[in-house]
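Undergrad:
Numbering (UniProt numbering), first residue to last: 1 to 271.
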């Protein structure tokens, strides 16, 4: 099975788990929504959510008055998003099933005011593939449009192990440090976890994004300072959780907090 078939199968087989992922990771969801709210154009701007899965962000944005198109590799995600959009009584303009590497075959240039690229870069293990997707995404944006790209941090596997399975670090320290150098996670019988993925060293993101026709607006650590405390905060009452998220928002752009987060958002403006 090739790389993309592995990824497509994973998401087709786990659509409900993916929809419910933000119940398991509420810090990521709440801080991302706050970052987006502070950086999106005003509704009813046209947004394309590339790799948007079963549509959690698409449906939320449509509910805010945005004109949203959802694009995803997995047909099960697209079908689920349509069902959940109907349930939420919101409309998504388009539901497109396709591979982000061939985005230009599905969408027209200079069409959207904003593009969310919060998924595909997680799974493209070759740099040229990541670059190709970004170039095609920029092409579909209007001049001055916003590109919001998400990366899984090279620190994410380390944080995950330390907060959930610290005993697995025994004898495997170099394996986890290697994610900050190479970043590739290839699924195999010996490595069945998650799916084929690429983890980006936060220090390398700016240099990578400087290759494109884009002006940087910001680089945000999604979990801010809260990544290691996720399990503790999931059981907190609503007031405590919201207070901690409010505190964390003061540090989302602080470079000294990069190692505390599992995801990063790069926001730029097409020149």
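The beta carbon of each residue, even a glycine, is placed where N, CA and C say it ideally should be.
1. Could you tell me if residue 52 is buried or exposed, where buried requires 16 or more neighbouring beta carbons within 10 angstroms of its beta carbon?
2. Where does residue 200 land, buried or exposed, given buried means 16+ other C-beta within 10 angstroms?
3. Just to confirm the assignment, what range does the beta strand (DSSP E) spanning residue 220 have?
4. With three or more C-beta pairs closer than 8 Å as the rule, is the stretch 258–267 touching the stretch 147–167?
5. Can you name the start and end residues of the beta strand (DSSP E) that residue 68 belongs to?
6. Quick one: complete beta strand (DSSP E) runs, 3+ long, within the stretch 141–173?
7. Are there 16 or more other CB atoms within 10 angstroms of the CB of residue 136, so buried, or fewer, so exposed?
8. Going by DSSP, what residue range makes up the alpha helix (DSSP H) through residue 96?
9. Could you check where the beta strand (DSSP E) with residue 115 kicks off and where it finishes?
10. What's the gap between the Cα of residue 48 and the Cα of residue 166?
11. Do the stretch 36–44 and the stretch 69–80 meet, that is, are 3 or more Cβ pairs less than 8 Å apart?
12. In the DSSP assignment, find the unbroken alpha helix (DSSP H) run with residue 209 in it and report its ends.
13. By the three-class DSSP mapping on this structure, what secondary structure does residue 184 have?
TA: Concretely, from the data shown:
1. In the chain shown, counting from the first residue as 1, residue 52 sits at position 52. Residue 52 counts as buried, since at least 16 other C-beta atoms from the protein chains shown sit within 10 angstroms of its C-beta.
2. As a first step, residue 200 must be located in the chain shown, where it is residue number 200. The residue in question, residue 200, is buried, as its Cβ has 16 or more Cβ neighbours within 10 Å.
3. The residue given as residue 220 occupies position 220 in the chain shown. Residues 214–221.
4. yes
5. The count along the chain shown starts at 1 and reaches residue 68 at position 68. Its beta strand (DSSP E) spans residues 67–72.
6. 141–153
7. To locate residue 136, count along the chain shown from 1; it is residue 136. The residue is buried, with at least 16 neighbouring Cβ atoms inside 10 Å.
8. As a working note, residue 96 is residue 96 in the chain shown. Under the DSSP assignment, residue 96 falls outside any alpha helix (DSSP H), being part of the beta strand (DSSP E) whose first and last residues are 94–97.
9. On the chain shown, residue 115 is found 115 positions in, with the first residue counted as 1. Counting along the chain, the unbroken beta strand (DSSP E) around residue 115 starts and ends at 112–117.
10. Along the chain shown, read from residue 1 onward, the residue named residue 48 stands at position 48. Along the chain shown, read from residue 1 onward, the residue named residue 166 stands at position 166. In a straight line, the C-alpha of residue 48 is about 39 Å away from that of residue 166.
11. no
12. Taking the first residue of the chain shown as position 1, residue 209 is located at position 209. Unbroken alpha helix (DSSP H) run through residue 209: 205–209.
13. By one-based count along the chain shown, residue 184 stands at place 184. In the structure shown, residue 184 sits in a strand (DSSP, three-state: E or B).
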